[in-house]
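Since the structure comes first, as structure tokens, the remarks are kept for the end.
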Amino acid sequence: MAKQPVKKKEFVKPNITDIKSKLGLVVKSVDDLSKSNADKPIDWIVMPPAFENATKLVGFPQGYMSIITGWANTGKSTLKNCLISACIKQGIIPVIFETESNFDFSYAQACGMKCEPIYGDVEVEKVDTETGEVTYEMENRIISYEGDFIYFDNALLAETYGNNDYSTGKQTKSKRKVAVIEDIAFAINTLLDMQDNGEIQQSMCFIWDSVGSIPSFKSYSSKTGNNMFDAGALSQAFNTIANNRIPSSRKIDSPYTNSFVCVNKIWNDSMSSMGGVPSIELKGGKSFFYAARLIIHLGGVGKASTKKLSATAKGQIYNYGIISKIKVTKNHLPTPFNITYEGEIACVHNGLCVPDEIDAYKKTYIGEILKRIQELSNSNEADLAIDAKDIEFEETEVESYD
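The sequence shown begins at 6 in the working numbering and counts up by one.
Here it is as structure tokens:
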């Protein structure tokens with residue numbers, strides 16, 4: 006008996022609109038924007054012109070996670086300070102996590118950060134250099150800074166969140182004196198919750214300097230530094246922040262656009278690279294690398310590769326800045342902004358400068374340079390007086406790193 010031919014079913018094209026309607030995904034008006042898959046047009050935290058000259062980007066993109074990498078003394082702090090200043094100018098709240106405990110408010114102010122010192126009477130120890138006698142006197146000193154920013158360092162993080170036990174999710178009676186990775190994630194989530202509740206009605210930019218400088222709660226509890234513990238904590242604690250809460254603020258229905266910019270410590274992996282050519286690796290593992298849409302590297306790969314800018318007068322040397330390479334090493338921003346570019350940038354006493362404009366900078370700020378040299382000479386005697394004509398400027402290659 007011959008086989009009967011298989012009867013083919015007639016293909017019926019599904020009605021996608023009908024399917025979306027049944028799922029509740031149809032956007033009919035602005036009242037349905039929570040169902041939209043559209044992002045707001047990309048906006049920027051606008052950096053000084055020297056940044057665009059070097060990277061071809063006007064600044065850091067809002068609504069994304071960005072990373073700054075580089076060896077020591079390559080300009081990372083200058084970039085961070087200019088970013089903080091730019092946020093305040095644009096009405097964005099910079100939330101600063103300074104876990105290396107070396108934030109220089111004076112330098113940040115010179116770079117444009119608006120903040121006011123708060124003074125108070127502080128007991129200061131005085132030692133008589135001849136007798137060794139110790140006395141205590143009250144002096145009026147700067148005790149804090151105020152402005153349109155939120156600031157945490159290690160001590161403030163531990164003071165605010167030191168009762169959190171991240172292994173149990175409970176509060177402890179005793180308080181940690183050490184800040185941990187999870188404290189930063191907790192602070193970010195708390196502030197984002199406040200924004201969702203209407204207590205904060207501005208966009209925010211979370212700025213962490215630097216990833217790799219503090220341990221995870223598990224490392225702290227075990228009393229041993231463990232890179233695997235720390236990498237795991239970064240991945241777990243920041244997964245929702247980096248992959249959901251920050252990106253979702255780009256959506257058309259979000260009234261605010263939040264950003265996350267990290268300065269990430271690095272290490273040089275020359276063992277596993279092809280032909281012994283060194284490669285840059287981020288401390289804390291790969292989770293932040295994958296989450297970041299923009300990564301900017303300062304300096305070279307195997308060394309700092311910077312030029313030191315110095316002024317010399319009567320034997321006194323004053324280093325007034327550096328010229329550093331700056332390279333976009335990862336760019337997954339939307340077209341047409343997904344470019345990678347390498348240039349140079351000068352970091353000076355008041356922020357960023359185009360290297361070709363250093364001569365103009367020296368002429369404009371010669372008085373400031375003179376002042377610093379005279380302060381370093383520690384003498385006001387006439388025979389040590391310094392004049393502008395006495396200054397010799399030079400650029401020196403810096404080969405080493407860290």
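All residues carry an ideal CB built from backbone N, CA and C; glycine is no exception.
Please determine, among the options, the residue with the shortest C-alpha to C-alpha distance to residue i.
i, options, result
"Phe294", "Thr317, Leu303, Ser310, Ala236", "Ala236"
"Phe154", "Val100, Lys85, Ile344", "Val100"
"Ser90", "Gly152, Gly230, Ser41", "Gly152"
"Tyr225", "Glu397, Glu121, Asp170, Ser208", "Asp170"
"Thr141", "Lys131, Ile147, Thr317", "The question names Thr, yet the displayed sequence has Tyr at residue 141. Of the listed residues, the one whose Cα sits closest to Tyr141 is Lys131."
"Lys376", "Asp364, Ile328, Thr317", "Thr317"
"Cys92", "Asn263, Asp364, Gly75, Lys45", "Asn263"
"Lys394", "Gln206, Lys45, Ile374", "Ile374"
"Ala43", "Thr334, Leu299, Ser254, Gln176", "Ser254"
"Lys291", "Leu239, Glu121, Lys178", "Leu239"
"Asp364", "Phe398, Val129, Val333", "Phe398"
"Glu402", "Lys12, Gly305, Lys228, Val35", "Gly305"
"Ser215", "Ile72, Ala113, Leu28, Ser111", "Ile72"
"Met70", "Met209, Leu196, Lys228", "Met209"
"Ser329", "Val35, Gly75, Thr22", "Gly75"
Tell me the rounded alpha-carbon separation between residue i and residue j.
i, j, result
"Ala296", "Thr165", "27 Å"
"Ile331", "Glu347", "6 Å"
"Lys256", "Asn202", "18 Å"
"Tyr325", "Glu105", "23 Å"
"Pro181", "Ala160", "The sequence shown places Arg at residue 181, not Pro. About 10 Å."
"Leu213", "Ser310", "Strictly speaking, residue 213 in this sequence is Trp, with Leu absent from that position. Distance between the alpha carbons of Trp213 and Ser310 is about 24 Å."
"Glu386", "Thr369", "Bear in mind that a pLDDT of 49 at Glu386, under 50, signals an unreliable position, so the number given afterwards is only what the model happens to contain. So the two alpha carbons sit approximately 26 Å from each other."
"Asn145", "Glu349", "43 Å"
"Ala184", "Ser172", "15 Å"
"Lys119", "Tyr150", "10 Å"
"Glu204", "Pro260", "13 Å"
"Val127", "Thr136", "24 Å"
"Ile50", "Phe234", "33 Å"
"Ser382", "Ile271", "36 Å"
"Pro66", "Gly307", "28 Å"
"Lys312", "Pro53", "20 Å"
"Lys18", "Asn248", "35 Å"
"Ser41", "Val32", "6 Å"
"Met143", "Gly125", "10 Å"
"Pro10", "Phe16", "18 Å"
"Ala351", "Ala163", "36 Å"
"Lys178", "Gly167", "10 Å"
"Tyr156", "Ile219", "17 Å"
"Asp407", "Asn78", "Note on Asp407: pLDDT 40, under 50, position unreliable in the model; the coordinate value appears next. Going by the C-alpha atoms only, they are around 8 Å apart."
"Asp388", "Cys87", "Below a pLDDT of 50, predicted positions are generally treated as unreliable, and Asp388, at 47, falls in that range; the measurement from the model is reported next regardless. Their Cα atoms are separated by approximately 39 Å."
"Phe108", "Glu138", "33 Å"
"Gly68", "Ala55", "23 Å"
"Asn20", "Thr195", "43 Å"
"Tyr412", "Lys335", "Examination of residue 412 is not possible in this model, given that the chain is present from 6 through 407 alone."
Just to confirm before moving on: does the CB-CB distance between residue i and residue j stay below 8 Å?
i, j, result
"Leu303", "Lys25", "no"
"Asp258", "Ser39", "yes"
"His354", "Ala115", "yes"
"Gly320", "Gly217", "no"
"Ile285", "Phe265", "no"
"Lys85", "Val359", "no"
"Ile327", "Leu314", "yes"
"Ile193", "Phe222", "no"
"Gln207", "Ile47", "no"
"Thr83", "Leu287", "no"
"Ile371", "Tyr323", "no"
"Asp158", "Glu121", "no"
For residue i, name the three-state secondary structure that DSSP assigns.
i, result
"Ile89", "helix"
"Met233", "helix"
"Ile391", "coil"
"Glu386", "Note that Glu386 scores a pLDDT of 49, beneath 50, so its modelled location is shaky; the value from the coordinates is reported in the next line. If DSSP states are grouped into helix, strand and coil, Glu386 belongs with coil."
"Tyr124", "strand"
"Arg250", "helix"
"Ala351", "strand"
"Glu164", "helix"
"Glu138", "coil"
"Lys175", "strand"
"Thr401", "strand"
"Glu191", "Note that residue 191 is Phe in the sequence shown here, rather than Glu. Phe191 falls in the helix class under three-state DSSP."
"Leu303", "strand"
"Lys410", "For residue 410 there is no data in the structure shown, the boundaries of the chain being 6 and 407."
"Leu107", "The sequence given here places Asn at residue 107; Leu does not occur at that position. Correct three-state label for Asn107: coil."
"Phe16", "coil"
Exercise. With contact counted as at least three CB pairs below 8 Å, one residue from each stretch, are the segment 240-251 and the segment 187-198 in contact?
Worked result: yes
Exercise. Is the number of C-beta pairs between the segment 340-359 and the segment 55-63 that are closer than 8 Å three or more?
Worked result: yes
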